[in-house]
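Counting in the working numbering, the sequence shown runs from 354 upward without gaps. Note that CB positions come from ideal geometry on N, CA and C, so glycine has one too. Read through the structure below, which is laid out as C-alpha cells, and then see the notes.
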Amino acid sequence: MHMANGYIRMVMKRKVILQHAVAWAIFMFYEVTSIYLVRGMAGALSDYVAHYILNILLFYINARIITGSGSVRKKIGLIASLVLGYMAVNFVMNTMLEYFAVQILRPSRPIGYFFVASFWRCFYFLGLSTVYAFSVNLIRSTKKINAMLTEQMQKEKDQILLQNELLSAKNGLLRAQINPHLFFNTLNFIYNSVYKLSATAGDAVMLLADITRFSIANTDTDGKVYLEDELVNIDDLITLNQIRFDSKLQVHFVKEGDFKDLRIIPLVLLTLVENVFKYGDLQDKDQPALIQIKQMDGFVHFATRNKKVFDSKEISGSGIGINNSKKRLHQAYRDSFKLRVNETDDLFYVDLTINTDCLCFVAI
C-alpha cells in the first residue's frame, strides 16, 4: 500500500512538471513570435535561454515565498531582496551576453533603458507568479474545505447511524421488556407446581429463574458485574442444559486461578457459552466440548472448543452473538482484549484474552 501511494505521488509529480513545461513552452512561443512580428527580427538563442531561465526562477521563487509560511512583513522583505537579486543578476548577465555574443545582433542600449526594461520584466513575472501563487492557495484551501466538509458529513452520517442503532436497541428492549415481579412470581408458581411432580424439573425452573434474574438485573455504576457471578451463571447454564438432555452432553468446564474482585461487562462469557450449546454437537464422547477460564501472566484467558454441527443454517447463525460480544468488548476495553475465532472441518474455537488491569475492582 505504501509503495502504491509512493508510485501515485511520483506519477502526479511528473504530470504536474509536464503541465508546467508545456505551459512555459506555449508562453515562450507566444512571446518570441510576438517580438518577431513587431520587430521583424529575432534575438540570439543564448539571449532567450538565459533570460527565460532567470525569469522562470523568479516566478517560482516568488510563488514559493507567497505560498510558504511566515508573516506578511517577512514575505515582503524576501520579495524585495529577490527583486534586488534579480536586477543584479540580470545586469551581469546582460553585460556578459552583449560582450560575448549578442552585440552583433543588437546594439548596446543606455543603462537607463536597461533598468526600466528590467524593472518592467521583473514586475511582469512577479505579477504572473503572484496570480499563480494565490490560485494555488485557493485550490489548496478549497480542497481542504471540501475534505473537512466530507469528513463532517461522514461524522454526521455515522452519528445518525449510531442514533438509529441506539433507537433500534431501545425499541428491541421495550419489546422484550416484561414485568420482572410478575415473571418471577409466575416462575415461582411453576416451580411449586412442577416440583411436586418432578424434583429435576423443579430444579430446572429454578436454574432458569437464576439465569434470567442475572441477565436482566441492573449492573453497578461501572456497568459491570463480578466475574465470579458470571461463572456461577455459566455453571447454571451447563446444569440446565444437562437436565434438558438427561445428562448426556459432553461438556467440561475448567476454572484455574483466583477471580475474586475481578469485574467484567455482563453476559459476554455467557453469550459465548450459549453459542456452544446452540451450535455445537455435544454428544460425542470422543470430542467433548471444553469451556476453560484461567488467570495467568496478567491476563484472563477464556476459551471454548466444540464439535461443529454439520448444518449450514445453524453454523451461519453462530457469528451473530460473537460479533455483538466483540462490539461490546471493544467499547469497554478498546485495545486491552483479543477475541479470536478459528475453526477446522469439524471443530470451532473461540479464545478471549483480557488484560487483568481492566477487570480489577476499583472502590469509589
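So if DSSP puts residue i in a beta bridge, which residue, or which two residues, is it bridged to?
i      : result
LEU700 : LYS660
GLU609 : LYS647
LEU705 : PHE655 and LEU692
ARG616 : TYR579
ASP634 : LYS660
Mind checking residue i: buried by the 16 CB within 10 Å criterion, or exposed?
i      : result
ILE618 : buried
ARG741 : Because the chain in this structure spans residues 354 to 717, residue 741 falls outside the shown range and cannot be described.
ILE370 : exposed
GLN372 : exposed
TYR727 : Since the first and last residues shown for the chain are 354 and 717, residue 727 lies out of range.
ARG658 : buried
GLY480 : exposed
ASN447 : buried
GLN456 : Since pLDDT at GLN456 reaches only 47, below the 50 mark, its modelled position is unreliable, and the value read off the structure follows with that caveat. Per the 10 Å Cβ criterion, exposed.
ASN538 : exposed
VAL703 : buried
ALA470 : exposed
LYS366 : exposed
LEU502 : exposed
Just to confirm my understanding: we take residue i, look at its own chain, exclude 5 residues before and 5 after, and list those with CB closer than 8 angstroms. What are they?
i      : result
ASP710 : GLY651 and SER689
PHE472 : MET440
TYR544 : GLY555, VAL558, MET559 and ALA562
ASP582 : PHE567
LYS368 : none
Smallest Cα separation from residue i: which of the options?
i      : options                           : result
LYS631 : ASP637, TYR401 and ASN594         : ASN594
TYR686 : ASP699, ASN708 and TYR702         : ASN708
PHE487 : VAL558, ILE464, ASN415 and ILE644 : ASN415
ILE379 : ASN541, ASN628, TYR405 and ASP400 : TYR405
ASP634 : LYS661, ASN628 and VAL653         : LYS661
LYS638 : VAL607, SER600 and ALA656         : SER600
ILE675 : ALA642, PHE663 and VAL629         : VAL629
To which residues of the same chain is residue i closer than 6 angstroms at the C-beta, ignoring the five residues directly before and after it?
i      : result
ILE429 : none
GLU609 : LYS647
Residues in the same chain with beta-carbon distance under 7 angstroms from residue i, minus the five sequence neighbours each way, listed in chain order, please.
i      : result
ALA557 : LEU593 and ILE596
VAL621 : SER678, ARG681 and LEU682
With a threshold of 7 angstroms (Cβ to nearest heavy atom), would residue i be considered close to the ligand GTP?
i      : result
GLY423 : Of ligands this structure carries none, so the ligand GTP is not represented either.
Write down every uninterrupted run of the beta strand (DSSP E) in the segment 434-499 whose length is 3 residues or greater and which is fully enclosed by it, in chain order. Within the segment 434-499, no complete beta strand (DSSP E) run reaches 3 residues.
For the segment 537-604, which segments carrying the alpha helix (DSSP H) assignment without a break, of at least 4 residues, lie completely within its bounds, in sequence order? If we require 4 residues or more, the alpha helix (DSSP H) runs fully inside the segment 537-604 come out as 552-569 and 580-597.
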